[in-house]
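Residue numbers (the numbering used here), protein chains in the order written: chain A, 1 to 167; chain B, 1001 to 1167. Worksheet: one structure, shown below.
2 protein chains.
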Amino acid sequence: MSEFVGGLVIREIGADEFARAWPIFRTVIAAGDSYSYPPDLSEQQACALWTTAPSRCFLAERDGVVVGCYMLRPNQPGLGDHVANCGYMVTPSARGQGIAGKMCEHSLAEARRAGFAAMQFNFVVASNAGAIKLWQRNGFSILCTVPGAFRHATRGLTDIHIMYRTL
Amino acid sequence: MSEFVGGLVIREIGADEFARAWPIFRTVIAAGDSYSYPPDLSEQQACALWTTAPSRCFLAERDGVVVGCYMLRPNQPGLGDHVANCGYMVTPSARGQGIAGKMCEHSLAEARRAGFAAMQFNFVVASNAGAIKLWQRNGFSILCTVPGAFRHATRGLTDIHIMYRTL
């Protein structure tokens, strides 16, 4: 499925195209300020995590340039697989341009289409105030906060939020 | 590591001994009332989930009979791997005898020894009142409740709790 969302082309990719997402993925996790992935995760490991079923990977392109990517998957296996989970990444030079919001809207539509009943974020770093506001504008609420669950590269132990919305 | 805890021998096992845990694992997930694992998960898949590093599997035996098993792992990879996660299973015929509590105590000691700073349960089914009380007696608090996140075999959509304690 490929579609224009506010000037972006957002489309699903497989492992064969993950190399296009990898520069963003690598940059985002190397910063150590938003994801728990080891900052030295390999491209092969990242590709497996984001493109191996039931995980699905989506790429956001503007004028043929990759500006973001996201992953959609069930948050639990089996009897909990009606709740989705997503992770979004935006290339640093394209931040503040609404790309994460567009990817979020896209992911909510994809999740509904796939039959999910709700979406849960397990690990929203509390210092990412912009992301938290964005998810709230997209209908998510903070269910709870886990104290010090993230070792932030510069802030040290940092709280994380679990966020949720129905679909 | 092997030790007696109130008449039980609780010890870590590897994949080579997982067949001893499997009858309990299979029975517990087949009931569809406490774990999100697909009720038809294979022994091979279960073994991989519970014994592949960084997951560690422990067996509880009483007079040489396996009465329970549990899994200890980091709840997140990389920058979140200082928070542990556990799952416990008790054979139905041995319930109400304090075995889950003994395994929980054992897992807290093991988690401390491994350097974890806290423990988080992601998916405590709200209808398992006995389990919730037991975790609370062992120092866990309910951080939040995710509505209808579990498709209980007999109750249908059922809330789950996220529980947490420091170590």
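All C-beta atoms, glycine included, are put in the ideal place defined by N, C-alpha and C.
Exercise for review: Kindly list, in the order they appear in chain B, the residues whose Cβ is closer than 9 Å to that of Val65 of chain A.
Suggested key: Those within 9 Å of Val65 of chain A in chain B number zero; the least Cβ separation is about 28 Å.
Taking 8 Å as the CB-CB cut-off, is Phe1116 of chain B touching chain A?
-> no
Q.
At the 8 Å Cβ level, is Gln136 of chain A part of the contact set with chain B, yes or no?
A. no
Does any C-beta atom of chain A lie closer than 8 Å to the C-beta of Ala1031 of chain B?
no
Is it buried or exposed, Gln76 of chain A, if we count other Cβ atoms within 10 angstroms and call 16 or more buried?
buried
Ranges of the alpha helix (DSSP H) found wholly within the region 1011–1082 of chain B, counting only runs of at least 4: 1018–1031, 1043–1051
- Does the Cβ-Cβ distance between Cys144 of chain A and Leu1072 of chain B come in under 8 Å? no
Check: Opposite Gln120 of chain A in the DSSP bridges: which residues?
Finding: A:Tyr164
- Task: Could you give the DSSP three-state label for Gly1087 of chain B: helix, strand or coil?
- Result: strand
### Task
Compare the beta carbon distance of Ser1127 of chain B and His1152 of chain B with 8 Å and say whether it is the shorter of the two.
yes
Note to self: Cβ closer than 7 Å: which chain B residues qualify as neighbours of His82 of chain A?
What the structure shows: Arg1151
Below-8 Å beta-carbon distance, Ser36 of chain A vs any chain B residue: yes
Going by other Cβ atoms of all chains shown within 10 Å of its Cβ, with 16 needed for buried, is Ser36 of chain A buried or exposed?
buried
Short Cβ contact (8 Å threshold) for Thr51 of chain A with Phe25 of chain A:
no
**Asked** What's the gap between the Cα of Thr1166 of chain B and the Cα of Val1083 of chain B?
**Response** 9 Å
Listing by chain order, which chain B residues have their CB less than 7 Å from the CB of Tyr164 of chain A?
Val1146
**Report entry** Any alpha helix (DSSP H) of 4 or more consecutive residues that is wholly inside the region 109–158 of chain A
**Finding:** 129–137
Any contact between the region 95–108 of chain A and the region 56–69 of chain A? By contact I mean 3 or more CB pairs, one from each, below 8 Å.
yes
Practice item. For Thr154 of chain A, I'd like the list of residues in its chain whose CB is within less than 6 Å of its CB, leaving aside the five on either flank, ordered along the chain. Key: none
Note to self: I want to verify the contact list: residues of chain A whose CB lies under 9 Å from the CB of Gly1078 of chain B, in sequence order.
What the structure shows: Ile29, Gly32, Tyr35, Ser36, Tyr37, Pro38, Pro39, Asp40, Leu41, Arg151
**Q.** Option in A:Asp33, A:Glu105, A:Thr27 with minimal Cα separation from Ala94 of chain A
**A.** A:Thr27
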